[in-house]
Amino acid sequence: MSSEKLNFQQMILRLLDYWQAQGCLIWQPYNVQVGAGTMNPATILRVLGPEPWNVAYIEPSIRPDDGRFGDNPNRMQQHYQLQVILKPDPGNPIELYLGSLEAIGINSREHDIRFVEDNWQSPALGAWGLGWEVWLDGQEITQYTYFQQAGGVDLDPVSVEITYGLDRIALALQGKNSVWEMDYGAGVAYGDALLQAEIEHCQYYFNVADVDALKMIYDTYEREALRCLEAGLVAPAHDYNLKCSQLFNVLDTRGAVGVTERAAYFGRMRRVAHKVSTAYIEQRQKLEYPFAENKLWKTKKSDQLSEADIRHSSLVTPEDGDPFVLEIGSEELPHADLTSALAQLRAAVPAMLDAARLSYTRLEIDGTPRRLTVLVDGLAARGEDVASVIKGPPADRAFDKDGKPTPAATGFARSRGLSVDDLSVVEEGGKRYVSAFVRTAGQPSTDALAGLLPDLIAGIKFEKSMRWNASNVSYSRPLRWLLALHGPAVVDFDYAGVRSGRVTYGLRPYGSPAYEVRHAADYRAAIDNAGIVLHTEARRKAIAAGAHALARSVGGVIPDDPALLDEVTNLVERPTPLRGSFEERFLALPPMALVAVMRKHQRYFPVYKGDKLLPHFIAVRNGDDEHLDIVRDGNEHVIRARFADAAFFYDKDIKRPLEEFVPELGKLTFQTELGSFLDKTRRLGQLVPVVAGMLGLDPAERATATRAAALSKADLATSMVVEMTALQGKMGGHYALRSGESPEVAAAIAGQYEAVSAGPAALALAVADRLDSLAGLFAAGLGPKGSNDPFALRRAALHLIENLTANEQHFDLRAGLDAAGQLLPVAWNEMIREDVLAFIGGRLEVVLRDAGHPASVVKAVLAEQTHDPYAASRAAAALAAAIRAADWETLLNAYARCVRITRPLKETYALRVDDLRLPEEQAAAAALAAAEASNDGTMETLIDSLRHMAPAITRLFDAVLIMDDEPAVRENRLALLQRLAGLARGVADLSVLEGF
Numbered sequence: 003m004s005s006e007k008l009n010f011q012q013m014i015l016r017l018l019d020y021w022q023a024q025g026c027l028i029w030q031p032y033n034v035q036v037g038a039g040t041m042n043p044a045t046i047l048r049v050l051g052p053e054p055w056n057v058a059y060i061e062p063s064i065r066p067d068d069g070r071f072g073d074n075p076n077r078m079q080q081h082y083q084l085q086v087i088l089k090p091d092p093g094n095p096i097e098l099y100l101g102s103l104e105a106i107g108i109n110s111r112e113h114d115i116r117f118v119e120d121n122w123q124s125p126a127l128g129a130w131g132l133g134w135e136v137w138l139d140g141q142e143i144t145q146y147t148y149f150q151q152a153g154g155v156d157l158d159p160v161s162v163e164i165t166y167g168l169d170r171i172a173l174a175l176q177g178k179n180s181v182w183e184m185d186y187g188a189g190v191a192y193g194d195a196l197l198q199a200e201i202e203h204c205q206y207y208f209n210v211a212d213v214d215a216l217k218m219i220y221d222t223y224e225r226e227a228l229r230c231l232e233a234g235l236v237a238p239a240h241d242y243n244l245k246c247s248q249l250f251n252v253l254d255t256r257g258a259v260g261v262t263e264r265a266a267y268f269g270r271m272r273r274v275a276h277k278v279s280t281a282y283i284e285q286r287q288k289l290e291y292p293f294a295e296n297k298l299w300k301t302k303k304s305d306q307l308s309e310a311d312i313r314h315s316s317l318v319t320p321e322d323g324d325p326f327v328l329e330i331g332s333e334e335l336p337h338a339d340l341t342s343a344l345a346q347l348r349a350a351v352p353a354m355l356d357a358a359r360l361s362y363t364r365l366e367i368d369g370t371p372r373r374l375t376v377l378v379d380g381l382a383a384r385g386e387d388v389a390s391v392i393k394g395p396p397a398d399r400a401f402d403k404d405g406k407p408t409p410a411a412t413g414f415a416r417s418r419g420l421s422v423d424d425l426s427v428v429e430e431g432g433k434r435y436v437s438a439f440v441r442t443a444g445q446p447s448t449d450a451l452a453g454l455l456p457d458l459i460a461g462i463k464f465e466k467s468m469r470w471n472a473s474n475v476s477y478s479r480p481l482r483w484l485l486a487l488h489g490p491a492v493v494d495f496d497y498a499g500v501r502s503g504r505v506t507y508g509l510r511p512y513g514s515p516a517y518e519v520r521h522a523a524d525y526r527a528a529i530d531n532a533g534i535v536l537h538t539e540a541r542r543k544a545i546a547a548g549a550h551a552l553a554r555s556v557g558g559v560i561p562d563d564p565a566l567l568d569e570v571t572n573l574v575e576r577p578t579p580l581r582g583s584f585e586e587r588f589l590a591l592p593p594m595a596l597v598a599v600m601r602k603h604q605r606y607f608p609v610y611k612g613d614k615l616l617p618h619f620i621a622v623r624n625g626d627d628e629h630l631d632i633v634r635d636g637n638e639h640v641i642r643a644r645f646a647d648a649a650f651f652y653d654k655d656i657k658r659p660l661e662e663f664v665p666e667l668g669k670l671t672f673q674t675e676l677g678s679f680l681d682k683t684r685r686l687g688q689l690v691p692v693v694a695g696m697l698g699l700d701p702a703e704r705a706t707a708t709r710a711a712a713l714s715k716a717d718l719a720t721s722m723v724v725e726m727t728a729l730q731g732k733m734g735g736h737y738a739l740r741s742g743e744s745p746e747v748a749a750a751i752a753g754q755y756e757a758v759s760a761g762p763a764a765l766a767l768a769v770a771d772r773l774d775s776l777a778g779l780f781a782a783g784l785g786p787k788g789s790n791d792p793f794a795l796r797r798a799a800l801h802l803i804e805n806l807t808a809n810e811q812h813f814d815l816r817a818g819l820d821a822a823g824q825l826l827p828v829a830w831n832e833m834i835r836e837d838v839l840a841f842i843g844g845r846l847e848v849v850l851r852d853a854g855h856p857a858s859v860v861k862a863v864l865a866e867q868t869h870d871p872y873a874a875s876r877a878a879a880a881l882a883a884a885i886r887a888a889d890w891e892t893l894l895n896a897y898a899r900c901v902r903i904t905r906p907l908k909e910t911y912a913l914r915v916d917d918l919r920l921p922e923e924q925a926a927a928a929a930l931a932a933a934e935a936s937n938d939g940t941m942e943t944l945i946d947s948l949r950h951m952a953p954a955i956t957r958l959f960d961a962v963l964i965m966d967d968e969p970a971v972r973e974n975r976l977a978l979l980q981r982l983a984g985l986a987r988g989v990a991d992l993s994v995l996e997g998f
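Oh and the sequence shown: position 132 is 134 in my numbering, straight run, nothing missing.
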């Protein structure tokens, strides 16, 4: 490695020197144990209020749950952080941060330094912010956050928080395999100084700490914090809340905190934190903000364009048909935000240009994590003129009887910039009005766009947005530059404190060099020269092709994974795939765990040979192939540590059979009113046999499903699933096999969260699980509202529909929901059941419409068969096919005549077949008898019956007066028609079809 190999203390001193040179106050670690440097009052309190504050300090951070008894190369209960706070945002904080890495010998051209979405929050502190994890060759080395709130208080100004993981950075710098091998300084090894204490603390946190005693101490410290607040003592109150936080972390590590207790503890700490924060703000106000006048911390404002540039730009005008380019430059966007923003711009930009009446020949919108780009070819230099006739007041009010204009006429003319002589009289609807012919000239493109572009950017919405400067504009991540050119002319506007110009910026690994773009036509070349792959599809293809080629070089393949490919595509501006390897000993771990680590934590593509995982992975660098060996080595170090962690969890879990984890589910709350996951497991134990019976499982299958239900949620209490929740179910199936359960039981557990189950036992468990969740959460009043669906009930309903349909399984949801509802600890009734059915029906409607069935067909079927998704899907397909048949109009008309004449009747008449005397009556009755005899409740049979009955029905109406004067005759004929109309009952409501 060519980076300078500093020892640990040299690295720390270099960083402190660097930040001191940037104007930071060098603070000291706090004298209370904290989980992160954020909790030091130099951060969590100083970010409050309006005063500037620039600080850097080292903080030993204690996280008991991260302890690994010294067995993990870079994860331990005590690690060291460098905390930097920049308040307010200086405008270039990422550049300052990257400069600090250069100061300790990390050359961005030799490494892959990445900014990966991280939305940070501290429930205990009532604090949150948006930013990134910073990765160095795949290893997270820094959390970088724009603080939005602390102590439940919105921050203004926003602070930039940079939290370095010093141990991991030193590990990379020194090229060691483990932190315990590092050189601390003065001839002392890191492990010799710290390993023994690390092991002892882990032993205490995991095995020795007295839970009852610590809970008592927690309560005592909380009371002291509140007493301090009552006495106006802000700093001691904060200290005691920090002590409470640390005690909670120890209790959590001991496994003594359930989900409900966790929420309660967080609430208690958050309330104290809020009181401390508000007291601190009042205290600083009384002190009249002593830091406010610090000259070293005064912010300097600078525009990207000088006044001379702006004057020059105003003298340059575009030619008609010149290209236009808008580049919205920001710090790295999260991958989903990039996708969303591009989709929004593709809809909004044409509408904006149409509104400005600016014609164009071609529009292209694309982007990378750092830029959203709008390219318009052939843009008009001026908007089209538009002429319109504006109707004014009635003519008799605009002119008097002598034809002279009244104030109504002169006022109308003045409002349109015309004289009264320009007005004319028109007739409309038999009435006469004054009108004005108004011609509106189109604006020059630069003027029109200058007014429209700020609104265009403001209109881009994100799931989570943040503030970062005094403009208080919200965006996904801070905006840093705006390039806007029509031909050679700058479209001059301001947004979010940034002024538009003609400068774009290159790749981060190259130091983000500035490129001046003199003409919009030069933009594509400038981007290409900067080495940026602007087009999303081009990046995706380059990654896919490179990754597959690298996999083939070791005789492997990469499984299709569109979601991962899309994410990686949106994390880079210049993709360079690389192949890394890991020790084959890790292949002894379950492949699903290794793949989950690679995908979730590292965004790596796993490599397979057949169904066997190979000891290789494909990573994607943001940059070129220079020094790729260093980047590969770093990524291999990271995956080694990740897999060591997975091995730690796995080895801990397999010491016990899966069944022993079931009692621990009592600590995990499913939902407050519905109890724990142990309660849910017990409900499933009763519900699954009932559902299995409804599904027609044989005794052996029913026994398998019941056993699977008893163990179904046990893996939620295992270390592996706690760490990687995406493995729930799958790890349960694996552990079940290891524990001696049958393959069928293991398969049912493993597949319970899949949309489609493989096997009867798995189907029974999956259906019962969804029924319990849907019934329970609706009964608890927690059904989805709007887009809010915290318990993923929409997905549960869709899985229920897809599972029953794919397995071609009839199932009465009404009976299933009632069976689930009767086991709930909350009230269940028919009204709640109908609400759940309506909710499932809404999802089923979407599924059927997505299958291509007409809306009227879906409505007709769901009116009768919402309760049976498989039957509904078959019925919709059959009815959709029937309405396309040549004879459909005849069939529907015959049936509709029966319905229309009987629908108003309030009484159902009894049919007396023997009293039907006329041949047409008897023929219709015979057709009815045949239809009822063959009725099996399917749409296919109903359509077939209609085809056989239609001629008889038509002859009946043509030859017989249904509404006979004789009541007995009339009612018998109506009874016949009622029976004919009732044939569709339970199948579809054909009356909602078009043409009925």
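Backbone N, C-alpha and C define an ideal beta-carbon position, used for all residues, glycine too.
Alpha carbon of residue i to alpha carbon of residue j, nearest angstrom
i      : j      : result
ALA887 : LEU893 : 10 angstroms
ALA472 : PRO92  : 11 angstroms
MET594 : MET733 : 8 angstroms
THR45  : ILE87  : 7 angstroms
ILE14  : LEU168 : 8 angstroms
MET722 : LEU175 : 30 angstroms
VAL838 : GLY731 : 25 angstroms
LEU944 : THR904 : 19 angstroms
ASN9   : SER180 : 14 angstroms
ALA865 : LEU739 : 45 angstroms
ARG469 : ASP158 : 9 angstroms
LEU995 : HIS950 : 20 angstroms
LYS297 : LYS288 : 21 angstroms
SER936 : GLN867 : 19 angstroms
PRO238 : GLY548 : 58 angstroms
Neighbour-count burial assignment, residue i, 16 or more Cβ in a 10 Å radius
i      : result
ASP700 : exposed
GLN30  : exposed
MET78  : buried
VAL388 : exposed
VAL36  : buried
PHE584 : buried
ASN474 : exposed
SER478 : buried
ALA912 : exposed
Best match in the options for proximity to residue i [C-alpha to C-alpha]
i      : options                        : result
ILE834 : LEU826, ASP221, PRO786, PHE780 : PHE780
ALA400 : GLY51, THR412, ALA719          : THR412
VAL376 : GLU334, PRO325, LEU425         : PRO325
PRO579 : ALA532, ASP627, HIS603, PRO564 : ASP627
Range covered by the alpha helix (DSSP H) that runs through residue i
i      : result
THR165 : Careful: THR165 lies outside any alpha helix (DSSP H), inside the beta strand (DSSP E) at 155-167.
LEU458 : 447-460
ASN637 : 630-655
Element boundaries [beta strand (DSSP E), containing residue i]
i      : result
VAL393 : Residue identity check: residue 393 is Lys in the sequence provided, not Val. Its beta strand (DSSP E) spans residues 388-396.
TYR59  : 55-64
Quiz item: Taking contact to mean at least 3 C-beta pairs separated by less than 8 angstroms, is the region 439-458 in contact with the region 64-75?
Solution: Per the Cβ contact rule, the region 439-458 is not in contact with the region 64-75 (fewer than 3 Cβ pairs under 8 angstroms).
Self-check item: At least 3 beta-carbon pairs within less than 8 angstroms: the region 267-281 vs the region 227-236
Solution: Flag = yes, the region 267-281 and the region 227-236 touch.
Quiz item: For the 8 angstroms Cβ check, are there 3 or more pairs between the region 587-607 and the region 645-662?
Solution: By the criterion of at least three beta-carbon pairs nearer than 8 angstroms, the region 587-607 is in contact with the region 645-662.
Practice problem: Count the C-beta pairs between the region 438-451 and the region 355-365 that are closer than 8 angstroms, then say yes if the count reaches three, no if not. | Solution: Output reads yes: the region 355-365 touches the region 438-451.
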